[in-house]
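Residue numbering for the sequence shown follows the working numbering, starting at 336 and increasing by one per position.
Glycine residues also receive a C-beta, built at the ideal position from the N, C-alpha and C atoms.
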Amino acid sequence: GVEGPDRTSLDQQYRETEARYRRLVEHSDAIIFHSDPGQRISFVSRRALDFFGVSPEDFLTEEGSSWVDFVHLDDQPRIRALLEDPKVQKGGLDEEVRVVNRITGRVRWVLIRLVPALKRDGSVDGYDGFGIDITARRE
């Protein structure tokens, strides 16, 4: 392994890069999330509070909650069926769905992009997800 000043420099570069990406995620207008292969959320950006009326911490503490649970009830069967498709599991999806804010009841349209995060052996390790508010375009 790398030792001494070179190791310290690499650690510092890693921390700076991580901080830069964290700022990008937190200041993005998009909802950014990561889920495991079963769609259970392991990370969600602060923007989720605006859309869902649920804090990022609440997403993570709702045992076994899937991001699909936050999709409008009428859209859930379609999304669940798509997620069973092996082509979607390996290739991801772009889908327009409605979401409901749990505090205000406001319904918004969101374009969800789901991208598989693959292990070295090609199996799915989880999914990176992005949600963009498209309500103005749909109404």
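What do you get for Pro391, buried or exposed, if any count of 16 or more other CB atoms within 10 angstroms of its CB means buried? buried
Beta carbon of Val432, beta carbon of Val406: below 8 Å? One thing to note: Val432 has its Cβ within 8 Å of the Cβ of Val406.
Cβ of Ala365 within 8 Å of Cβ of Phe465? yes
Within the continuous alpha helix (DSSP H) that includes Glu419, where are the two ends? Residues 411–419.
Looking at the structure shown, is Asp460 part of a helix, part of a strand, or coil, going by DSSP? Strand.
Alpha carbon to alpha carbon, how far is Leu417 from Trp444? 18 Å
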